[in-house]
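So my numbering is basically just the index in the sequence shown, starting at one, shifted up by 39.
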Amino acid sequence: MSGKRGDPKGKYFPSIRIMMAGTFADKQLGYRERKQALSNLIQTFLATFADIGVETWLMHGTLLGWWWNRKILPWDSDSDVQVSEASMHYLASYYNMSVFYYKTPRIPEGRDYMLEVNPHYVNREQSDKLNVIDARWVDTTSGLFIDITTARYNYTHPAGEGMLSCKDGHEYRDTYIFPLRDTFFEGAPAKIPFAYKELLEAEYKEKALTLTDFEGHHFDENKLEWIPVPKKIDPKGDAEKKKAEEARQKKEEEKKKKEQEHKNKVEEVKKKAQDALKADEQKKSDLVPPSPPPQKGETANAAPQGQKPSTRSVRDEPPVSKQPAKPDPDPPTAQKAAEEKVIKADEKRDEAVKEAAAVAP
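Pasting the structure below:
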C-alpha cells in the first residue's frame, strides 16, 4: 500500500481516516451503520487477540470513550490500541495479512477482518514520521479499521529506565501502563492502562473527562449515552448571516471594481505617455536634415578603404558638406511676396492714423 492515494513515498498506510474506493469500501457509512460497524470491529479484534494470546490495551480516543460509557465515541471513525514490542514481532512473524471470518448474531451475514502489519514496524525511531502506525485491523467490507501502535522501551531516554515510546511521539513511564486493568468495552473483555485517568488528563486535559456537550452530542447521565443534539433552526440568525454574507460579497465586488478602475487609469496614463514619447521622437526625426547626395565616384555612406561601414545613425552626427554653402543671389519669390505684404500693411496703418488725426477736433 506504500505511496498510494497521494501519500509521500515511503508511507505504508494511507493517511485518510476511512479507506475508500480501490482498497475495501466504495462508499461512506451512515451514522448508525458506522457505529454498529465500529462496535463489531473492536469486538472481533479483542476476541481474536485473546484467542492468539496477544496482550493489547485501549488508548487515546478509544480509552476516552471507555471512560464515559465503555463504548466508542459516536463521532470517532476508528479505534486506537497498543501492544508491546514483543507482541508486534509475533504478529508480524505469524499473522501478517491473515484474514479472520466472523459470523455472529450481530454479524448474521458474515464478514472478513484482516490483520495487516506495516513492514516499517522494525524501525524503532520516532523520526519515522511516515509510519507511526505499526499495524491495522481492517473490516474488509466497510473499510473501517483499528490503528495498532507499539509501545517500545526507550533505553536511552533522558528520564532514565522504564520509559516507553511510540513512533507517534507519545511517551509514558511504564508504571502508568502496567500492570494492565481488566474491564469490558463494547460488551467484550478488554484491558486498559493502570493509570488511565492520568494518561487521559495528560492527553486531553481534565475538561475532557467532565464536559458533557461535545461534537454535536450531549451525554445523558441516566442513559449513559451520547445523544446527538438536533441543530437549532434560527430564522433570524440565518437571515442575519445571509445579510452579512451579501454585504461581504458586495464589499468584495466594490473592491474588485475599484481595483479594475485603478488598473484602467494606470493603463491609460501609460498609453498617453507612450504616445507622447512617440510624437516627440517623430518631431525630432522630422527636424533632422536629410543626408547629402553622394558625389561623383562615391557611394552613399561609403567607408574609407580597409574599414567597415559605420552603423551610426544620421541623428548621431550630422554629415559635413564637401563645399561651403553659397548664398542665393536672389531671395525666393515667397519671401519677396511676404515682404511686400508687410510694406503694404504698414502703409495702410499710416494712412488710417492720418485720417483719424484729421477727424479729431
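For every residue, glycine included, the Cβ atom is placed at its ideal position computed from N, Cα and C.
| query | Quick one: what's P228 bridged to in DSSP? | reply | As a position in the sequence shown, residue 228 is number 189, starting the count at 1. Answer is F223.
| query | If you draw a straight line from the C-alpha of L248 to the C-alpha of E242, how long is it? | reply | Taking the first residue of the sequence shown as position 1, residue 248 is located at position 209. Taking the first residue of the sequence shown as position 1, residue 242 is located at position 203. So the two alpha carbons sit approximately 11 Å from each other.
| message | Please classify E225 as buried or exposed, where buried requires at least 16 neighbouring CB atoms within 10 angstroms. | response | As a position in the sequence shown, residue 225 is number 186, starting the count at 1. Flag for E225 reads buried.
| field | S78 (DSSP reduced to helix, strand or coil) | value | Within the sequence shown, the letter at position 39 stands for residue 78. If DSSP states are grouped into helix, strand and coil, S78 belongs with the helices.
| C-alpha distance - P47 paired with G69, whole-angstrom precision | Locating residue 47 in the sequence shown gives position 8, where the first residue counts as 1. Locating residue 69 in the sequence shown gives position 30, where the first residue counts as 1. P47 and G69: Cα-Cα distance of roughly 30 Å.
| message | Using the Cβ count rule (16 or more neighbours within 10 Å means buried), how would you classify F223? | response | Indexing the sequence shown from 1 puts residue 223 at position 184. When all chains shown are included, F223 counts as exposed.
| request: State buried or exposed for S324, treating a residue as buried only when at least 16 other CB atoms are found within 10 Å of its CB. | output: Start at 1 with the first residue of the sequence shown, and residue 324 comes out as number 285. By the 10 Å Cβ count, S324 comes out exposed.
| message | Give me the residue from K393, W114 and Q121 with the minimum Cα distance to I216. | response | Here residue 216 corresponds to residue number 177 of the sequence shown, with the count starting at 1. Ranking the options by Cα distance to I216, first place goes to Q121.
| Where F52 falls: helix, strand or coil (DSSP) | The residue you call residue 52 lines up with position 13 of the sequence shown. Looking at F52 - three-state DSSP - the assignment turns out to be coil, as it is neither helix nor strand.
| field | Beta-bridge partners of L203, as assigned by DSSP | value | For the purposes of this step, residue 203 is taken as residue 164 along the sequence shown, with counting starting at 1. Note: L203 sits in a beta bridge opposite Y192 and Y211.
| query | In three-state DSSP terms, what is V308? | reply | One-based indexing of the sequence shown puts residue 308 at position 269. Here V308 sits in helix by DSSP.
| query | In the structure shown, what three-state DSSP assignment does S123 receive? | reply | Counting from 1 along the sequence shown, the entry for residue 123 is found at position 84. Of the three classes helix, strand and coil, the one that applies to S123 here is strand, per DSSP.
| request: May I have the straight-line CA-CA distance separating G316 from V308, to the nearest angstrom? | output: Here residue 316 is taken as the residue at index 277 of the sequence shown, counted from 1. Here residue 308 is taken as the residue at index 269 of the sequence shown, counted from 1. It is worth fixing the name first, because residue 316 is Leu in this sequence and not Gly. Cα to Cα, L316 sits roughly 12 Å from V308.
| task | Take V138 as the anchor and find which of F88, H159, G104 and H128 has the nearest alpha-carbon. | result | Here residue 138 refers to the residue found at position 99 of the sequence shown. Nearest C-alpha to V138: F88.
| said: Judging by CA-CA distance, which residue of R150, F52, A190 and Q67 is the nearest neighbour of W96? | reply: Along the sequence shown, read from residue 1 onward, the residue named residue 96 stands at position 57. Ranking the options by Cα distance to W96, first place goes to A190.
| request: Look at T214 and M98 and say whether their C-beta atoms are less than 9 Å apart. | output: By one-based count along the sequence shown, residue 214 stands at place 175. By one-based count along the sequence shown, residue 98 stands at place 59. Cβ atoms of T214 and M98: not closer than 9 Å.
| query | For the putative contact between R220 and K230, defined by C-beta atoms under 8 Å, what is the C-beta separation to the nearest angstrom? | reply | Numbered from its first residue, the sequence shown carries residue 220 at position 181. Numbered from its first residue, the sequence shown carries residue 230 at position 191. That belief holds up - the Cβ atoms of R220 and K230 are roughly 7 Å apart, short of 8 Å.
| request: On the DSSP bridge assignment, give the partners of P158 in chain order. | output: For the purposes of this step, residue 158 is taken as residue 119 along the sequence shown, with counting starting at 1. According to DSSP, which records beta bridges pairwise, P158 is partnered with nothing at all.
| task | Give a yes or no on whether the C-beta atoms belonging to Y141 and V93 are separated by under 9 Å. | result | For the purposes of this step, residue 141 is identified with residue 102 of the sequence shown, where counting begins at 1. For the purposes of this step, residue 93 is identified with residue 54 of the sequence shown, where counting begins at 1. No. Outside cutoff.
| request: Could you tell me which residues DSSP puts in a beta bridge with Y152? | output: Counting from one through the sequence shown, the residue named residue 152 turns up at place 113. F139 and D178, per the DSSP bridge assignment.
| Roughly how many whole angstroms lie between the Cα atoms of S181 and Q288? | As a working note, residue 181 is residue 142 in the sequence shown. As a working note, residue 288 is residue 249 in the sequence shown. One C-alpha to the other measures close to 42 Å.
| task | List in chain order: all unbroken alpha helix (DSSP H) runs of 4+ residues lying wholly within the stretch 245–290. | result | none
| field | the stretch 252–268 touching the stretch 107–114, judged by at least three CB pairs closer than 8 Å | value | yes
| message | To the nearest angstrom, how far is the alpha carbon of P197 from that of P147? | response | Within the sequence shown, the letter at position 158 stands for residue 197. Within the sequence shown, the letter at position 108 stands for residue 147. Answer to the nearest angstrom: the Cα atoms are 52 Å apart.
| task | For the beta strand (DSSP E) containing L97, list its first residue and its last residue. | result | Residue mapping note: residue 97 aligns to position 58 of the sequence shown, counting from 1. First-last of the beta strand (DSSP E) with L97: T95 to L97.
| said: Rounding to the nearest angstrom, what Cα-Cα distance links P144 and N79 in this structure? | reply: The residue labelled residue 144 in the question sits at position 105 within the sequence shown. The residue labelled residue 79 in the question sits at position 40 within the sequence shown. About 11 Å.
| said: Can you tell me whether S118 is buried or exposed? The criterion is at least 16 other CB atoms within 10 Å of its CB, across all chains shown. | reply: The residue labelled residue 118 in the question sits at position 79 within the sequence shown. Under a 10 Å Cβ-count criterion, S118 is classified as buried, with 16 or more other Cβ atoms of the shown protein chains found around its own Cβ.
| query | Once you ignore the five residues that flank V381 on each side, which residues in its own chain have a CB closer than 7 Å to its CB? | reply | Here residue 381 is taken as the residue at index 342 of the sequence shown, counted from 1. Excluding positions up to five away in sequence, the list is empty.
| field | Neighbourhood of F233 by C-beta, 8 Å cutoff - its chain only, sequence neighbours within 5 removed | value | Taking the first residue of the sequence shown as 1, we reach residue 233 at position 194. Cβ neighbours of F233 beyond the five flanking positions: T214, Y215, I216, F217, P218, L219 and R220.
| What separation, rounded to the nearest whole angstrom, lies between the Cα atoms of A376 and K383? | As a working note, residue 376 is residue 337 in the sequence shown. As a working note, residue 383 is residue 344 in the sequence shown. Distance between the alpha carbons of A376 and K383: 11 Å.
| query | Since F184 sits in a beta bridge, which residues does DSSP pair it with? | reply | Reading the sequence shown from its first residue, position 145 is the one you call residue 184. Paired residue(s): V177.
| said: If you reduce the DSSP assignment to three classes, tell me which class I91 lands in. | reply: Position 52 of the sequence shown, counted from the first residue, corresponds to residue 91. It is helical.
| query | When you compare only the Cα positions, how much space is there between E292 and K275? | reply | The sequence position of residue 292 within the sequence shown is 253, counting from 1. The sequence position of residue 275 within the sequence shown is 236, counting from 1. Between E292 and K275, the C-alpha separation is close to 26 Å.
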